[in-house]
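The structure appears below as structure tokens.
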């Protein structure tokens, strides 16, 4: 296991470099990094030259990237165009989005896996058909429609929740936004768990466990569920980064000042330092989440061994 972890950590290095290089090139080469500094009007030639020199944009692209990566490894993600360090924006945004993501993951695990197990064990029953139709509707409806509808009904019409989350983003106010954020992924987790449970029910090891006279709860929980959760854990692990980076719509609807909000503001104002810095951290989140998922495989299925 130790050798496998070291090998995976070494494999993460070129992936991290390639992903950050791609983002850096898209933002700094394909776009105009100084366009947001002059507002709606284009910068004049002298001002543009001065800004390029100040931000190091007059240097070759490879040199800009090496300078940026050198600063990243020292914890310096640059300065936003308003003069605020990007690390300060991260310090205020990431805790909020992490709490929101944890709420969403909780709904995916508890509701998604529970419904998946129920429907997988009762495949073809009315409850199975009803859940399949419900999940299909959830997948088909865009997130912004679900968010605005719940905000209107629960927040405006019925007054059960605050229409917009307060600046501190307490955990109780993130329940509905977390459910909105997790809605599509929750539907996929339900359908994936259902399919995996239904397939593994016919496996030989399940028949053997039943033939040995083991209690039904132990057969389902210890044998069937653990092996069926491998593809589900894979999906949830890769979904962590997607939820954190894709929370732009949900955070805009409920006025949550998290990662999605900062990315939206950075793109809107063409603040390249903010966009590149936040995306760099999200790349690390993806890589670490994938590594943890791979390590969980051996926990769920003892037949998996790493050389």
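In the numbering used here, the protein residues as written are -17 to 289. Even glycine gets a Cβ: it sits at the ideal position worked out from N, Cα and C.
*Unbroken alpha helix (DSSP H) runs of length 4 or more, entirely within the segment 220 to 265: which are they?*
If we require 4 residues or more, the alpha helix (DSSP H) runs fully inside the segment 220 to 265 come out as 230 to 235 and 241 to 250.
*Roughly how many angstroms lie between the CA atoms of residue 190 and residue 228, to the nearest whole one?*
44 angstroms
*Three or more C-beta pairs closer than 8 angstroms, one from the segment 218 to 228 and one from the segment 87 to 94: is that the case here?*
yes
_Counting beta carbon pairs with one atom in the segment 66 to 75 and one in the segment 143 to 152, are three or more of them shorter than 8 angstroms?_
no
*Anticipated Cβ contact below 8 angstroms, residue 62 with residue 237, distance rounded*: Contact flag wrong, Cβ pair sits at about 20 angstroms.
*Buried versus exposed call for residue 256 [16 or more other C-beta atoms within 10 Å across all chains shown]*: Classification of residue 256: buried, given that the 10 Å Cβ count is 16 or more.
*Should residue 226 go down as buried or exposed, given a rule of 16 or more other Cβ atoms within 10 Å for buried?*
Residue 226 is buried by the Cβ-count criterion.
*Thinking residue 82 and residue 159 are a contact (beta carbons under 8 angstroms), I'd like their distance in whole angstroms, please.*
6 angstroms
*asked:* Output needed for residue 214: all residues of its chain with C-beta closer than 7 angstroms, excluding positions within five of it in sequence on either side, in chain order.
replied: 95, 171, 174, 175 and 178
*Could you tell me whether the Cβ atoms of residue 121 and residue 169 are closer together than 8 angstroms?*
yes
*In angstroms, rounded to a whole number, what distance separates the CA positions of residue 70 and residue 239?*
13 angstroms
*Leaving out five residues before and five after residue 59 in sequence, what residues of the same chain have Cβ atoms less than 6 angstroms from its Cβ?*
68, 69 and 259
_When 202, -4, -5 and 157 are compared against residue 79, the one with the closest alpha-carbon_ = If we check each option's Cα against that of residue 79, 157 comes out closest.
_Residue span of the alpha helix (DSSP H) that contains residue 88, given as start and end_ = 68 to 89
*Enclosing alpha helix (DSSP H) for residue 108 [first to last residue]*: 108 to 122
*How many angstroms separate the CA atom of residue 266 from the CA atom of residue 55?*
Taking C-alpha positions only, residue 266 is separated from residue 55 by approximately 12 angstroms.
_Spatial neighbours of residue 128 within its chain, please: C-beta separation below 6 angstroms, excluding the five flanking residues on both sides._
162 and 165
_Between the CA atoms of residue 278 and residue 111 - distance to the nearest angstrom_ = 31 angstroms
*Report buried or exposed for residue 45, applying the criterion of at least 16 other Cβ atoms within 10 angstroms of its Cβ.*
exposed
*Do you know offhand how far residue 193's Cα is from residue 104's?*
20 angstroms
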